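Working notes for the structure below.
In my numbering, the protein residues as written are 7 to 573.
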C-alpha cells in the first residue's frame, strides 16, 4: 500500500479525533457547570429552609449582572498594579454599575449547614471527641484563669466548615511574574491565594499565648522583674509559631474595616482597625489581666523572583498596670520557593525589646541556610541597665523557648534542654482537622460567628465580609466575585472622598506614622483625631457616627503623640 495514502488516512483520523475530543471537553465543562449550579441551588435551598430566612435574602443582586462580570479571577492584573489601573476602572464604571454597590450585610450570614459549631454529622462528632481529648499546659492554665475570674468555659468551634466547591488551582507564577520588584500589597491576587481571615484577625492571632503576659504581670507584682522580662521575650517570639505551614495570605482589610474580639477564657479584649489605605496601616489595642498592648503595623513586600521579602514597619508597646513598659519591632519574614520546590517561610533579623526600667532583651533570629541542620533558631540575652547579661534565651520560633540564668559567657549551643535550661513557652498542639490553610486551633475561632454575636458587631467587622465568609465555606467563585466587588467599591469611595479628606487633614496626614491607642466613649471634642475613613463595608462609616460594639462601648482608635523607647 502506498505510504502517502496511509499518512493521509492517519491525518484524517487524527483530525476527526481532535474534533471529537474538543466536543467532549465542551460537554464535560457544561456538565461540570451544571453540577456546580445544582449544588449551589441545593445548598441555598437547605439554608433557607433550615434558618427560616425570607427568600428575598437569597435573590440575585444587581452586582452579579454588572459590568464587572463574574469571570474567574478576572480581577487580577499581571502587568499593572491596582493603583495603575484604578483610575481607568473608575472612568469605565457607569451610573448603573455604581448603583449596584449597595450595603451587603444581608449576605453576612454563616450557612447553618456548613458551620463548624453546628453538630450535624457523625464525622464532626468524631473530630469533636478527638479534639476534646487533647490537653496541654496552656489550655489548663487558660481554663483555671477563666474560672479564677468567674468566667464560665466557652465552647468554640474546632474546625472550619466543609467546603462546598472543589478547590481551583491557579499558577502563582502567572500572577506575579510581571511584578518583580514591585510592592505586592498593591497587586490584586485571586481569592484562591487567601486564607479565610483578615490581616486584622491575624494581628489578634499574635495574642494566642497571652497567658505569658499574665504570668509576666504576676512575676512583676511579686518583685521578680527578670522573670517578667523573660516571659515578655517568650511572648514576642510566640507570635511567629502560627506561621508554620501557612502558605496563604490573609485578606487585605478595607479602609475603615475593624475587628474586635472578647475572649473571657483568656481574659483579653482585642480591637483593630485599618486606618490609612496606602500605605496600609493597621492599628490594634488589647487589654488583658494587668496589662495593655497596642501597636501599629505596616508591611513592605517585595518580590525577588524566587522569594518574597516582608519587612514590617511599626512599633509594638506593652504596658503593665504598674507602669513598666516594653517596646519592640518585628523581624523580617522571607517566603522561599515560590516557583519550584516546597514553599516555606523564614524569620530572620534582630529584635530589640526595650524596657523602661531594669531589664531589656536582644533576640537574634537566625537566617535559614541550606547547610544548617538546625533551622529556625532564636537565641539572645537579657541585659540590665548597665549592659550586663543576666540570662540567656534559646529556642526555636516554631516550637519552644528556654532560658538559663547566667552571664551569657557560654555559647548559645551549650544551653540545651538537658542542662540547666528551663522551659518558658512551648507551642500548642495542631488541631485534629487540618486543612490546606493549616490554621491553628486559636485561628479557627477568630472568624466564628457565635450565637447572638452578629447583632452586637458593627457593620465594619471582618467577620461580616462576604468574600471572606464565602471562602471559609468553600464557595470560591462567590468569594472571588465579592472580593472584586468590594475592592471596586472601595476605589470608588476613595476617589469620591479623597478631595474632602485632604482638605480637612492636609496632604501629609496619611503619610505620617503615629501611635494609635484605644479611646472609650463618644468622640465628641476629638472629631479631628478620630481615624475613621470612608468604607466599602457600609455607607454610614466614615461620618464619625457613634456605633455600638460587642464590648458595650463606642470604641475608636485615636492618633496620639508617639513616645518611643527604641532609639
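Idealized CB from N, CA, C, for every residue including glycine.
As the structure is a computational prediction, the values presented were derived from the model and not from experiment.
Residue closest to residue i, alpha-carbon to alpha-carbon, out of the options
| i | options | result |
| --- | --- | --- |
| residue 487 | 473, 478, 224, 301 | 473 |
| residue 373 | 399, 311, 227, 342 | 342 |
| residue 357 | 246, 306, 455 | 246 |
| residue 43 | 381, 223, 481 | 481 |
| residue 227 | 448, 285, 296, 205 | 296 |
| residue 396 | 406, 413, 381 | 413 |
| residue 453 | 199, 232, 256, 229 | 256 |
| residue 311 | 317, 340, 293 | 340 |
| residue 364 | 231, 173, 162, 483 | 231 |
| residue 344 | 309, 39, 457, 299 | 309 |
| residue 457 | 35, 33, 161, 15 | 161 |
| residue 241 | 219, 300, 399, 17 | 219 |
| residue 371 | 361, 223, 407, 393 | 407 |
| residue 428 | 346, 298, 347, 399 | 399 |
| residue 172 | 432, 366, 315, 41 | 41 |
| residue 319 | 37, 306, 18, 298 | 306 |
Extent of the continuous alpha helix (DSSP H) run through residue i
| i | result |
| --- | --- |
| residue 248 | That residue, residue 248, is in no alpha helix (DSSP H); it is neither H nor E in DSSP. |
| residue 205 | 205 to 211 |
| residue 429 | No alpha helix (DSSP H) holds residue 429; the beta strand (DSSP E) holding it covers 428 to 432. |
| residue 226 | 217 to 227 |
| residue 448 | 447 to 450 |
Straight-line Cα distance separating residue j from residue i
| i | j | result |
| --- | --- | --- |
| residue 221 | residue 368 | 20 Å |
| residue 207 | residue 323 | 18 Å |
| residue 10 | residue 27 | 26 Å |
| residue 497 | residue 491 | 10 Å |
| residue 244 | residue 24 | 57 Å |
| residue 302 | residue 332 | 15 Å |
| residue 443 | residue 225 | 37 Å |
| residue 29 | residue 437 | 45 Å |
| residue 13 | residue 31 | 27 Å |
| residue 463 | residue 248 | 26 Å |
| residue 377 | residue 383 | 14 Å |
| residue 350 | residue 502 | 41 Å |
| residue 163 | residue 448 | 9 Å |
| residue 198 | residue 446 | 19 Å |
| residue 465 | residue 471 | 9 Å |
| residue 375 | residue 294 | 38 Å |
| residue 353 | residue 338 | 6 Å |
| residue 282 | residue 304 | 10 Å |
| residue 236 | residue 434 | 19 Å |
| residue 379 | residue 430 | 24 Å |
| residue 484 | residue 455 | 19 Å |
| residue 477 | residue 468 | 13 Å |
| residue 401 | residue 355 | 15 Å |
| residue 479 | residue 170 | 6 Å |
| residue 289 | residue 280 | 6 Å |
| residue 272 | residue 215 | 9 Å |
| residue 251 | residue 286 | 25 Å |
| residue 167 | residue 461 | 21 Å |
Residue burial classification, residue i (beta-carbon count within 10 angstroms, cutoff 16)
| i | result |
| --- | --- |
| residue 528 | Reliability of the predicted coordinates at residue 528 is poor, the pLDDT of 34 falling under 50, and no value is obtained from them. |
| residue 203 | buried |
| residue 238 | buried |
| residue 201 | buried |
| residue 194 | buried |
| residue 196 | buried |
| residue 20 | exposed |
| residue 327 | exposed |
| residue 450 | buried |
| residue 8 | exposed |
| residue 233 | buried |
| residue 6 | For the chain, the structure presents residues 7 to 573; residue 6 sits outside this window and is missing. |
| residue 292 | buried |
| residue 229 | exposed |
| residue 493 | buried |
| residue 33 | exposed |
Residue range of the beta strand (DSSP E) that includes residue i
| i | result |
| --- | --- |
| residue 256 | 255 to 257 |
| residue 315 | 313 to 319 |
| residue 406 | 406 to 410 |
| residue 332 | 331 to 334 |
| residue 359 | 350 to 361 |
| residue 473 | That residue, residue 473, is in no beta strand (DSSP E); its alpha helix (DSSP H) goes 472 to 478. |
| residue 308 | 297 to 309 |
| residue 402 | 395 to 402 |
| residue 390 | 383 to 390 |
| residue 263 | No beta strand (DSSP E) contains residue 263, which DSSP labels as neither H nor E. |
* Asked: Can you find at least 3 beta carbon pairs, one from the segment 270 to 277 and one from the segment 203 to 217, that sit closer than 8 Å?
  -> yes
* Does the segment 253 to 266 come within contact of the segment 387 to 398, defined as at least 3 CB pairs closer than 8 Å? -> no
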